[in-house]
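Protein chains in written order, with UniProt numbering: chain A, 1 to 435; chain B, 1 to 435; chain C, 1 to 435; chain D, 1 to 435. Here a beta-carbon is modelled for each residue, glycine too, at the ideal position from N, C-alpha and C. All of these numbers come straight from a predicted model, not from anything done at the bench. Right, one structure below, let's go through it.
Number of protein chains: 4
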Amino acid sequence: MIPRYSRPEMVAIWSPETRFRIWFEIEAYACDALAELGVIPREAAKTIWEKGSAAKFDVEAIDEIERVTKHDVIAFLTHLAEFVGPDARFIHQGMTSSDVLDTCFAVQLTRASDILLADIDGLLAALKRRAFEHKDTVTIGRSHGIHAEPTTFGVKLAQAYAEFSRCRERLVHAREDIATCAISGAVGTFANIDPYVEEHVAAKLGLKPEPVSTQVIPRDRHAMFFATLGVIASSVERLSIEIRHLQRTEVLEAEEYFSPGQKGSSAMPHKRNPVLTENLTGLARMVRSMALPAMENVALWHERDISHSSVERMIGPDATVTLDFALSRLTGVIDKLLVYPENMLKNMNKFRGLVHSQRVMLALTQAGLSREDSYRLVQRNAMKVWEQGADFLEELLADKEVIAALPEAEIREKFDLGYHTKHVDTIFKRVFGEA
Amino acid sequence: MIPRYSRPEMVAIWSPETRFRIWFEIEAYACDALAELGVIPREAAKTIWEKGSAAKFDVEAIDEIERVTKHDVIAFLTHLAEFVGPDARFIHQGMTSSDVLDTCFAVQLTRASDILLADIDGLLAALKRRAFEHKDTVTIGRSHGIHAEPTTFGVKLAQAYAEFSRCRERLVHAREDIATCAISGAVGTFANIDPYVEEHVAAKLGLKPEPVSTQVIPRDRHAMFFATLGVIASSVERLSIEIRHLQRTEVLEAEEYFSPGQKGSSAMPHKRNPVLTENLTGLARMVRSMALPAMENVALWHERDISHSSVERMIGPDATVTLDFALSRLTGVIDKLLVYPENMLKNMNKFRGLVHSQRVMLALTQAGLSREDSYRLVQRNAMKVWEQGADFLEELLADKEVIAALPEAEIREKFDLGYHTKHVDTIFKRVFGEA
Amino acid sequence: MIPRYSRPEMVAIWSPETRFRIWFEIEAYACDALAELGVIPREAAKTIWEKGSAAKFDVEAIDEIERVTKHDVIAFLTHLAEFVGPDARFIHQGMTSSDVLDTCFAVQLTRASDILLADIDGLLAALKRRAFEHKDTVTIGRSHGIHAEPTTFGVKLAQAYAEFSRCRERLVHAREDIATCAISGAVGTFANIDPYVEEHVAAKLGLKPEPVSTQVIPRDRHAMFFATLGVIASSVERLSIEIRHLQRTEVLEAEEYFSPGQKGSSAMPHKRNPVLTENLTGLARMVRSMALPAMENVALWHERDISHSSVERMIGPDATVTLDFALSRLTGVIDKLLVYPENMLKNMNKFRGLVHSQRVMLALTQAGLSREDSYRLVQRNAMKVWEQGADFLEELLADKEVIAALPEAEIREKFDLGYHTKHVDTIFKRVFGEA
Amino acid sequence: MIPRYSRPEMVAIWSPETRFRIWFEIEAYACDALAELGVIPREAAKTIWEKGSAAKFDVEAIDEIERVTKHDVIAFLTHLAEFVGPDARFIHQGMTSSDVLDTCFAVQLTRASDILLADIDGLLAALKRRAFEHKDTVTIGRSHGIHAEPTTFGVKLAQAYAEFSRCRERLVHAREDIATCAISGAVGTFANIDPYVEEHVAAKLGLKPEPVSTQVIPRDRHAMFFATLGVIASSVERLSIEIRHLQRTEVLEAEEYFSPGQKGSSAMPHKRNPVLTENLTGLARMVRSMALPAMENVALWHERDISHSSVERMIGPDATVTLDFALSRLTGVIDKLLVYPENMLKNMNKFRGLVHSQRVMLALTQAGLSREDSYRLVQRNAMKVWEQGADFLEELLADKEVIAALPEAEIREKFDLGYHTKHVDTIFKRVFGEA
């Protein structure tokens, strides 16, 4: 998490101030439940809410206490007590630190998920708008980096839309996975606290009670969460690499937006670099790598060891902040992407008409020629295009054997790009529910 | 995928024979749809089914053809044509190789998922049986590898049950993610084949049509699938490490099953090694590592490049076969696990009664002593247990200050293990729906 | 390790036959040392060598014994005893299985390293040959996929040569790291065997004695080895991606070799796909991923646990066989790479002469114009090239302000490609020691 | 890189202040060389050194300029010019930003390496001291977590010493790998700058000239560097896990230092948790994970793309700062580790004398009994130890069949621990060069 690749809303989730505020709420909601159960006085719970809500926690002061106690939750509770007064003794009764820490982490991750979901929604909206804008913008489809058959730029964006729709759904699942609350004591047995407290706090925080915790919420949940972020980052990489390819000097079918006054590089006006999508490629590598320590965190010893903690202090903020930034940057790229339909056509016709060779060959076959003969006829005309820059249609029309097998009109018909785009509406309906 | 860590049913999914059979079915179902559409004769489709179903594909012969054509699908179609006869020319019309390859991979992965789901069901059944068997088997809960508070061995197994229930749900999602069928042509535009064919084949194979493919099914689906297997493997590792810990010489609360005649190591009867769970730890590392190349596969260039193929030829079989083996082995370990409740008690009481010190201290506080005094009283008696091996209860009862603060009956009550296990039923109801 | 991506020499290292033969040699050399020490009769050692060397080990028979004993080394020794006769009782005295297994693994990895080193040598030779062939073949250098300044294709290959020279050196270090022999008994204390045996066997097998083993050779050695393979694989990926880029339809500066009769794709003569380098990209992902479980293997418990074993049974063969195949395939690609110098020039001149704009601007500045004026003059001419396809030199010569500032001869001189290639000899001397 | 796991010296390397200072030195040394070559006035170079050395760079001001120029190096040069005055126009002549950025990164990584090497030296010193202290402290060696044969605690520490000695050597190699300087211009051809400048700056900064750069220093160097840090982190993990095991309640052979006044957990005096080594386990996971994006960074497109940059802005500081902290923390743990030799003996004798059963059996065999009879005799006495807590030696001496086969003195001799430790000196000489 470095400022250059961070956005304030997500960063705020991971600030000490936010963390302490969430800790307070967990403790205060727990007091409500304990008061309901008659374990602590109702008045005390009320006082705790009032004094704690009004309190302005001093991070530096809490850190100072922690330097002595070597215990972050105790330091916070000590600080809190200064605001609450004598009733502070009713706070945290029967709870352990992990109850607070893990539930807080769940709250932070769900909030982070909500931002990420909004990010994806923004990206989807941009993709949809540009997809419809270019629904009929014909461009060459490429396999292996080599021209294959025509498609449209809108279809390319529809593919990305479908992919990020899936990412959205995965994130919804991942969010559910980590949205649990554990208030169950030292080894998860509720020895010193009634399960009702957990249920109450969970409900108030929009979480579900963890069915069975140890001291901690089990880390397979978090592994799944960070693995999901890794998959989403990989989809960010895919779309970024597509744009980087399209912006290559020799291709130049699209470009990241350049503001009018912006300079590429000194005197070279063509030097407009896809630096945003290159940056996104690197950020994707980072987010992806964090899935691994998250998976290694699963196998904590017995009821818990604390090896997960240092990992999560890092990847909790780093993965969510970086992915938030990446999704937002990608949305901007898509939103303002400069698209060059003329270059798309020019590239497609680099070998004039050759893209239709397969259809011509099939037509010859259907007209009764053997596959071998069809291939030979197409091949000899195609080679003139390939080697001498001829026009494929003209060559075919000038080839007597071809003309003898296939009427001119039918040959011309094989050069209709509409053949390739006739199902674009079908695809759009599948992806967007409309075309 | 090496024989030592493989089970035949999963291996069979990845055999050339199975693959060719699935290829045939994809082609034959596609012919049905093409016949319905009037593209090819209905009789041809019928013949293809009859002849192809009866055919015994010769893997070696197909490989021989591939060595010439350098193309696996063409090699297969050539071989198939020998069985089908002249109607073979109606097979594969308007399709591309990836239509067959990717849809086949989807079929293989869904079948693999079904086996893995059955594996997890088997593991869950074993966990549940043993959890109920040991619902009330008291054992010490440990945080940081250090004794914390009592729990029961059944609760430990309930935790594992809950974790693998989550893994099951994740696998159901992952299975849905990869269960799609693409028959959409060279760049996914359906230029040469009607979308109906895709819908028909998908329905017949229990798949959904891929809403928008390129030439291939997008690889974010597979990334999610293999990442999910990685998370499940991490849960396998967690339970394995738990057992390895319990089997340590100094702990010995449980052991992998040893058949009566089996020898540990030469003359040392105590030398029974947890080799199965150690093995599972290693296998988990392998499955987890395969999530990475799967994620790197997502960013294929443009409409596709073939870099994913070599990765999937490896991790497709390797990840599923290894995880299948691991889940099955783990089920066997749980099923036959030797559990030593007496050792559990003995370990818990290593420091006689000390596990109850916290409760005693709380009771003293509640009886009116200051927290400092309570701590001092408990501490001075606890140290005798810790340093001289004394019995904590006896020491407390002999301490006049303690007795003055707390009646003997109440002190004795604090040594009731039932205090720690009173919510086991609650936990079981949450996890199993019954207690 | 799948046949499609395997070469026989490397595969042979990992065959059961090779393994058993190495096991035999370790045991037999150990017997020599034990005989020297007077622990076993000299005659016995001699007999063991004679009978064992002549023996043809039957893998199936050994496997059969292992199914009963559940112990691979014991199974082998039992089988060996059938050939050796009564003197077999002198074999393996004071040794443990790991002594044999780990030392054998070291022998296999050093042999594998030797093949990989030869692979790299072959690749280096191909790179050098092609580098000198194209030392002066001017091509555009690209940053961000965008044209930057001219370089030569030979320099590109010199970069690859330098990179694989580094990889070679790294592999030499990695080979040293794993080339140790451990014959030190159950926990590495030489309790039952004299350290001299280890020294003797090590010397005979071309290994160094492990200074301090536990039961096993420490796994940080293997982690470093497989991490090094991962780095080499990443370099394979880099060169492969370079070629994939150069073969793109719009770039077409180089192509993987196509045999004269070979067909690209049906009727499309331009459809020559860089399938070999795409394949290498995928294989690189696989080799790289194996560094991770190797690193996780380091932290074995206490004097050893066996969790590393399953990992190594997989990545030992998989990583070395795959990398061997990849290096060999890459060598073939480089060796036969079709290079198109004319296309290189054509691409470089896509924007006619614009590549020299920076030099012209610098010259104007040096001629006394302000940086702002220089930029303005260059920019207005460059834009005509960029937007209207004009020729940059012609435009400059027609611009009175430019001509006024800079004599025509000097302007023309700025279009000399030799300016960019004047240090190619320096670079070649640095990389190859000659130019 | 988070404050909690950071040390100031390493953090300082990555501060903006340090970076700008290094940038200045690169530029100033380059000016010296350019002056020597006569490209710029000697006086200018002198002025630049004087004014620049005295300047106090204002990070906030530079950031402010960057927000406008979107270019970090230009922002710095603009700021620098304010101090240097008119001669500033001679700075950076013929150079590109990457020349500065990559060479600076090399300087930072070499400085970081030097700190890490010092860290390892500190750790080695601690390990050596404690190893000699406990050279003869007998403890049980464990394989699979199960008691095997005796060793000494000093030997365990010698293993760690040998492992970190290897890590040190690896880091020396890795440091060499990244210690290069590139000042070669836009695509590495030295078109606008003489190679002498690179040589001069390299020599001044303690680097080697990069033999052939593109625009950037090739990233296989950095991949190898971060992979090496990953391996070192894995060794940190290994030693940490050893300590965590030794501190388990049931084992308690060693403990992380607890200051006299320090409280474990409230009232439980046994609750001393190995939190430092658990923390190190997590930090190791993080450092290890960063090897992956570093490897993915290798395959930059053509002469460079900028995808590596975001990765390195993160892992450059994160990996070095975290590993520095981890090595330092581990050194502290070893330095002050509480070792409990009595518990080591107690654990070893958990099954009284059983650890010697193998030697007794071998002695019986050597005394002429068949292996089967020997096993039977040992087994029946061992089982009494195992099942009834008997003393193995006493049982053997009371077994008439045993006594008949082996004189009492010889039986007693088999219980000599010195048998297992007789080669400790050999091991120490190998590892430390002294014993």
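Whole-angstrom C-beta distance between I241(C) and T249(A), which should lie under 8 Å: Contact flag wrong, Cβ pair sits at about 17 Å.
Please list, in chain order, all residues of the same chain as D32(D) whose beta carbon is under 7 Å from its beta carbon, the five residues on each side excluded. A45, H200
Considering only C-alpha positions, which residue in the set T277(B), L280(B), T69(B), S235(B) is nearest to V298(A)? S235(B)
Alpha-carbon to alpha-carbon, R4(C) and P8(B): 22 Å
Ignore the nearest five residues each way along the sequence and tell me which others in A367(C)'s own chain have a CB closer than 7 Å to its CB. A405, L406
Give me the residue from D114(C), E387(C), R67(C), N192(C) with the minimum Cα distance to H356(D). N192(C)
Euclidean distance between Cα positions of A30(B) and H92(B): 8 Å
On the DSSP bridge assignment, give the partners of V339(D) in chain order. A254(D)
Starting from the Cα of A54(A), find the closest Cα among I62(A), A28(A), E36(A) and give me that residue. A28(A)
In the DSSP assignment, what are the bridge partners of S143(B)? R304(A), I146(B)
Please list, in chain order, all residues of the same chain as A88(B) whose beta carbon is under 7 Å from its beta carbon, the five residues on each side excluded. L80, A81
Below-8 Å beta-carbon distance, P293(C) vs any chain A residue: no
On the DSSP bridge assignment, give the partners of P209(B) in chain order. C181(B)
Would you list the residues sitting across from T152(D) in a DSSP beta bridge? V138(D)
Just confirm the distance between the C-beta atoms of residue 495(C) and R288(C), as a whole number of angstroms; I'd bet it's less than 8 Å. What is shown of chain C runs 1 to 435, which leaves residue 495(C) out entirely.
Counting only runs of 4+ residues fully inside the segment 345–430 of chain D, write out the alpha helix (DSSP H) ranges in chain order. 357–366, 371–388, 392–397, 400–405, 408–413, 418–421
Members of the segment 297–319 of chain D near chain C, C-beta cut-off 9 Å: N297, V298, A299, L300, W301, H302, E303, R304, D305, I306
At 8 Å on the CB atoms, spell out the chain A contacts of S289(D), in chain order. S289, M290, L292, P293
Return the first residue and the last residue of the alpha helix (DSSP H) that E17(A) is part of. 16–36
How long is the line joining the alpha carbons of V402(B) and K271(D), rounded to whole angstroms? 22 Å
Put Q247(A) into one of helix, strand or coil per three-state DSSP. helix
At 7 Å on the CB atoms, spell out the chain A contacts of V231(B), in chain order. D220, A223, M224, A227, M295
At 8 Å on the CB atoms, spell out the chain D contacts of R272(B), in chain order. I146
Less than 8 Å between CB atoms is the rule here; does V84(C) satisfy it with respect to chain F? Considering every chain present, this structure includes no chain F. Its protein chains are A, B, C and D.
Endpoints, the alpha helix (DSSP H) within which Q108(C) is located: 97–133
Taking the CB atoms as reference points, tell me whether E278(B) and D305(C) lie closer together than 8 Å. yes
If I follow the unbroken alpha helix (DSSP H) through P8(D), where does it start and stop? 8–13
DSSP three-state call for N279(A): helix, strand or coil? helix
By how many angstroms is the C-alpha of F76(C) removed from the C-alpha of I40(C)? 20 Å
Through-space distance from Q215(D) to S98(D), alpha-carbon basis: 7 Å
Could one say the Cβ of Y375(C) lies closer than 8 Å to chain D's Cβ atoms, at least one of them? no
Quick check on S370(D): buried or exposed, where buried means 16 or more other Cβ atoms within 10 Å of its Cβ? exposed
Taking 8 Å as the cut-off, decide whether the C-beta atoms of C167(B) and I243(B) are in contact. no
In terms of alpha-carbon separation, which member of E256(A), A35(A), L171(A) lies closest to T47(A)? A35(A)
Going by the beta-carbon positions, is the gap between L116(D) and D318(D) smaller than 8 Å? no
Reducing DSSP to helix, strand and coil, say where K271(B) ends up. coil
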